[in-house]
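All remarks here apply to the structure that follows.
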Amino acid sequence: MRLSSSGFNHQSPEASNAGEKKCLNSELWHACAGPLVSLPPVGSRVVYFPQGHSEQVAASTNKEVDAHIPNYPNLSPQLICQLHNVTMHADVETDEVYAQMTLQPLSPQEQKDLYLLPAELGTPSKQPTNYFCKTLTASDTSTHGGFSVPRRAAEKVFPPLDYSQQPPAQELIARDLHDNEWKFRHIFRGQPKRHLLTTGWSVFVSAKRLVAGDSVLFIWNEKNQLLLGIRRANRPQTVMPSSVLSSDSMHIGLLAAAAHAAATNSRFTIFYNPSPSEFVIPLAKYVKAVYHTRVSVGMRFRMLFETEESSVR
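Mapping the sequence shown onto the numbering used here, position 203 (from 1) lands on 196, and the numbers just tick up by one.
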């Protein structure tokens, strides 16, 4: 998880853009973020929860927030904001995706006028349809082996093999979030026969420093291009880089930024790490949950969750 999620950037603009020569592929970004993650549309009204943001910072650093952090009594538990900008990013070293959002708290008068306007439902972020995601096994990450692809996934996403060849094989070229090309040999062999990525796979595993438990996903998009992304398994942060501020410093920074923006109705920037535990949600969703959903003790309800294969149940 990106540690600079405190609402201010620890890198210079030149450094942060070094690995982003062009706009990230939105479809691949959302696939890597997961099916439960959705970015609100630019120009919409959202609700920002400073405490939820702070809790994500604490979770990313595996450290609870210090009790001696200054209190901001005038900072509301939630801020109704205008979303001015959203940009999608991927960490150059880890490929972990995150978004940068520019928010501006609404004035008291603007908040009163909200109830005179129609609800903004917005357009949900588009999730890819023709893709598969697989959690890597120890065999998949072995430098001497290959990547075993489930048959249904290979037939759904990869170009069709010529089974008149012996063995059926082809070269695949996939692009990652940074627009780098990766070449793999896709072959159908073994007893029982199975789909494998062989030549080029170990190079990819080593370059991305993948381990068992990480996930790899492939997308075949509408432009007949093969896209490739990864999701890291949650691993404890054992050594904190010296360039990263402490959890307490980040917590103070995000609270101070939110409090100042709320007091002056000025814009502020946050970094959003995709998570089912959202701290920025569409205003219409918030209003529906708070004012139009009645929940009582003993009530049964349905809840979406992501499966190991990255589908939603």
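Glycine included, C-beta positions come from ideal geometry on N, C-alpha and C.
For the putative contact between residue i and residue j, defined by C-beta atoms under 8 angstroms, what is the C-beta separation to the nearest angstrom?
| i | j | result |
| --- | --- | --- |
| ARG260 | THR80 | No, ARG260 and THR80 are not in contact; Cβ-Cβ is about 14 angstroms, not under 8 angstroms. |
| ALA205 | PRO43 | Incorrect: roughly 37 angstroms between the Cβ atoms, too far for contact. |
| ASN214 | GLU20 | 6 angstroms |
| PHE181 | PRO161 | 4 angstroms |
Beta-carbon separation of residue i and residue j under 8 angstroms?
| i | j | result |
| --- | --- | --- |
| LEU99 | PRO33 | no |
| ILE223 | ASP88 | yes |
| LEU220 | CYS126 | no |
| LEU189 | THR134 | no |
| LEU265 | ALA92 | One detail in the question is off: residue 265 reads as Tyr in this sequence, not Leu. Yes. Within cutoff. |
| ALA255 | SER69 | yes |
| ASP207 | LEU129 | yes |
| CYS16 | LEU170 | no |
| PHE197 | TRP175 | yes |
| GLY36 | PRO267 | no |
| SER199 | GLY45 | no |
| VAL85 | TRP22 | no |
| THR341 | SER195 | Since the first residue of the chain shown is -6 and the last is 306, residue 341 is not available in this structure. |
DSSP beta-bridge partners for residue i?
| i | result |
| --- | --- |
| GLU174 | ARG168 |
| ALA83 | VAL90 |
| GLY222 | LEU210 |
| ASN78 | THR95 |
| PHE181 | HIS188 |
| LEU72 | TYR41 |
| ALA251 | Its beta-bridge partners do not exist; DSSP assigns none. |
| ALA205 | ASP207 |
| GLN163 | HIS179 |
Using CA atoms only, rank isn't needed, just tell me which of the options is closest to residue i.
| i | options | result |
| --- | --- | --- |
| VAL50 | LEU247, TYR279 and ALA255 | LEU247 |
| ALA147 | SER132, SER135 and LYS186 | LYS186 |
| ALA167 | PHE177, GLN158, GLN159 and PRO161 | PHE177 |
| PRO101 | HIS179, PRO275 and CYS74 | CYS74 |
| GLU164 | PHE151, TYR156 and HIS171 | PHE151 |
| LYS149 | TYR124, GLY291 and SER268 | TYR124 |
| ILE274 | GLY27, LEU170 and GLN71 | GLN71 |
| TYR65 | HIS171, HIS253, LYS105 and GLY291 | HIS253 |
| VAL39 | VAL280, VAL288, ASN67 and GLY291 | VAL280 |
| ASN67 | PRO28, ALA24, THR257 and ALA83 | THR257 |
| GLN159 | ASP172, ARG145, HIS179 and PRO143 | HIS179 |
| THR191 | ALA226, ASP155 and VAL142 | VAL142 |
Which ranges does the beta strand (DSSP E) cover as unbroken runs of at least 3 residues, wholly within the stretch 121 to 145, from first to last along the chain?
Listed in chain order, the beta strand (DSSP E) elements of length 3 or more contained wholly in the stretch 121 to 145 are 124 to 128 and 140 to 142.
Which ranges would you report for the alpha helix (DSSP H) in the stretch 254 to 278 if only whole runs of at least 4 residues count?
none
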